[in-house]
Amino acid sequence: MTDSSQRTRAIADRLLADAARYGERGIAWARLVLGVTVTLMWPIVHSENLGNLVPRAVATLVLGVLALIWSLTVLYQLLSKPPGLGLVYGSITVDAILINSLLLAYLFAPGVSHDSIVEVHSTALVYLAIVMAGLRFSQAAAIFGAVLNSVLFIALVTVSTIRVDHLRTIGPAEWLTVGIALVGSTVISITIASRTRVLVEQSAHETLLSEAARARLGAYISPKVANVVLKESELRIGGERQNVAVLFSDLRGFTSYAESLEPEEIVDQLNDYMRMMVDTISEHDGIVDKFM
1 MTDSSQRTRA
11 IADRLLADAA
21 RYGERGIAWA
31 RLVLGVTVTL
41 MWPIVHSENL
51 GNLVPRAVAT
61 LVLGVLALIW
71 SLTVLYQLLS
81 KPPGLGLVYG
91 SITVDAILIN
101 SLLLAYLFAP
111 GVSHDSIVEV
121 HSTALVYLAI
131 VMAGLRFSQA
141 AAIFGAVLNS
151 VLFIALVTVS
161 TIRVDHLRTI
171 GPAEWLTVGI
181 ALVGSTVISI
191 TIASRTRVLV
201 EQSAHETLLS
211 EAARARLGAY
221 ISPKVANVVL
231 KESELRIGGE
241 RQNVAVLFSD
251 LRGFTSYAES
261 LEPEEIVDQL
271 NDYMRMMVDT
281 ISEHDGIVDK
291 FM
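Okay, so the sequence shown: first residue is 1 according to the numbering used here, each after it adds one.
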């Protein structure tokens with residue numbers, strides 16, 4: 001691997017790490033909002049069911065509290081460091097367990113609004129969790145999230161075919177719908193992760209090219225002029241007319257003056273003089289053409 005490729009990969013990895021942190025933080029905030037909503041609103045809306053210890057109502061409240069606690073834990077860890085593999089895969093696993101546990105409550109405590117597990121609105125959270133795994137901008141994480149959620153959800157759907165209370169058997173059409181939804185959300189998740197990496201690597205490569213061009217131009221013109229040139233999509237042949245000042249500077253009587261000094265003193269004084277001149281010219285966006 002060439003030095004340029006290594007630098008490109010290093011920049012891309014740094015950008016992806018920053019993007020993964022923001023992605024994980026966004027998911028944590030979304031989970032936190034959902035957990036707070038369930039924790040605060042569920043006892044109000046389902047106070048009677050909770051008082052009677054209805055399993056599904058109690059399970060939903062407990063899962064909401066767990067989602068709240070996990071979200072706060074993730075946000076706290078992200079304050080001090082970017083998300084590591086343990087946090088990423090742990091977060092994906094916790095989301096999968098929470099969502100499928102919610103469906104498990106519907107499975108063993110069915111309601112009057114549905115007679116099939118695939119009709120439960122909460123199944124949409126499974127597909128959402130698969131897509132969100134891609135927001136970690138890692139193909140491995142996206143595949144892990146898709147496989148884990150798919151295995152758990154298919155297991156629940158399979159169990160629901162065994163006449164659980166009032167749930168009916170899942171038909172071929174519903175199995176096909178579940179399969180299409182799982183495959184579709186998996187493709188979206190992997191596409192988000194892989195396409196983002198490609199775009200980031202392209203951006204990193206273009207950044208390196210821009211830096212190299214700016215460094216080459218900086219040897220002849222000021223950084224400000226170099227930035228203006230690089231921002232132009234097309235340079236006009238013949239240049240552009242500008243009002244400029246040209247300065248030729250010399251030290252009067254330097255030859256006779258230098259004869260009375262030691263070589264080290266001459267070098268130090270010349271360096272001080274040139275440093276002051278160059279700094280002043282640079283402050284006014286000037287260009288030093290040459291030293292003679």
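Quick reminder that beta carbons are idealized off the backbone N, C-alpha and C, glycines included.
Considering residue i, what are the terminal residues of the alpha helix (DSSP H) in which it resides?
i: residue 160; result: 139-160
i: residue 269; result: 263-283
i: residue 259; result: Taken as a continuous stretch (DSSP letters only), residue 259 belongs to no alpha helix (DSSP H), as it is neither H nor E.
i: residue 67; result: 55-80
i: residue 124; result: 124-133
i: residue 50; result: 47-51
For residue i and residue j, which I take to be in contact (beta-carbon distance under 8 Å), what is that distance rounded to the nearest angstrom?
i: residue 296; j: residue 197; result: The question about residue 296 has no answer here: the residues shown for the chain are numbered 1 through 292.
i: residue 185; j: residue 15; result: Not quite, the Cβ-Cβ distance comes to about 26 Å (not below 8 Å), so this is no contact.
i: residue 118; j: residue 88; result: About 29 Å; that fails the 8 Å criterion.
i: residue 101; j: residue 63; result: 6 Å
i: residue 192; j: residue 135; result: 7 Å
i: residue 133; j: residue 124; result: No, residue 133 and residue 124 are not in contact; Cβ-Cβ is about 15 Å, not under 8 Å.
i: residue 120; j: residue 103; result: 6 Å
i: residue 82; j: residue 20; result: 7 Å
i: residue 153; j: residue 126; result: 5 Å
Would residue i be called buried (16 or more neighbouring beta carbons within 10 Å of its own) or exposed?
i: residue 74; result: buried
i: residue 79; result: exposed
i: residue 172; result: exposed
i: residue 29; result: exposed
i: residue 195; result: exposed
i: residue 176; result: exposed
i: residue 60; result: buried
i: residue 31; result: buried
i: residue 155; result: exposed
i: residue 248; result: exposed
i: residue 190; result: buried
i: residue 10; result: exposed
i: residue 99; result: buried
i: residue 106; result: buried
i: residue 261; result: exposed
i: residue 71; result: buried
i: residue 256; result: exposed
i: residue 53; result: exposed
i: residue 294; result: Any question about residue 294 goes unanswered here, given that the chain covers just 1 to 292.
i: residue 253; result: exposed
Count the CB pairs spanning the region 142-153 and the region 89-98 that are closer than 8 Å, and state whether there are at least three. yes
Just checking, does the region 41-48 make contact with the region 22-29 on the three C-beta pairs under 8 Å criterion? no
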